[in-house]
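Participant: Numbering of the sequence shown is given in the working numbering, commencing with residue 838 and proceeding in unit increments.
Take a look at the following structure, please.
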Amino acid sequence: MNDPGTIDGALDEMLVNLAGIVLRLAKPDLTRTPQARRALVQSVNQYSACAARSSDPRVHELKAKLEETLKPNLRVVARDGMTLW
């Protein structure tokens, strides 16, 4: 495994697997507490830093999905015939 291409490929596979784990842990019912939310943010940021150097499109697609998990969920609330955001 001294070939840089082989090492890069192995690292990309590890990043794909890691993203799957973080995506499973990013579910709203698992990130309700502030501590869990901070841990998710830290994990996504660390993944993004590693993914930035990858040339594998899967890694970049997963990076985008992980970053989406950090965006707040907006709820539509209707009150007295008005829609509030």
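The C-beta atom is built at its ideal place from N, Cα and C for all residues, glycine as well.
Small disclaimer: the values here were computed from a predicted structure and weren't measured.
Would you mind sorting K908 into buried or exposed? The rule is 16 or more other CB atoms within 10 Å of its CB.
Facilitator: So K908 ends up on the exposed side.
Participant: Assign S891 to one of three DSSP states: helix, strand, or coil.
Facilitator: DSSP places S891 in coil when its eight states are reduced to three.
Participant: Using the beta-carbon count (16 or more within 10 Å), is V859 buried or exposed?
Facilitator: Buried, by the Cβ-count rule.
Participant: What are the boundary residues of the alpha helix (DSSP H) that includes T843?
Facilitator: Element bounds for T843: P841 to L862.
Participant: Pair every Cβ in the segment 865-873 with every Cβ in the segment 847-857, then say whether three or more of these pairs are closer than 8 Å.
Facilitator: The answer is no - the segment 847-857 does not touch the segment 865-873, with fewer than three Cβ pairs under 8 Å.
Participant: On the criterion of 16 or more Cβ atoms from any shown chain inside 10 Å, does V878 qualify as buried, or is it exposed?
Facilitator: It counts as exposed.
Participant: So what's R869 in DSSP terms, helix, strand or just coil?
Facilitator: In the structure shown, R869 sits in coil (DSSP, three-state: anything other than H, G, I, E or B).
Participant: Beta-carbon within less than 7 Å of P894's beta-carbon, same chain only, minus the 5 sequence neighbours each way: which residues are those?
Facilitator: Result list for P894: empty, nothing under 7 Å.
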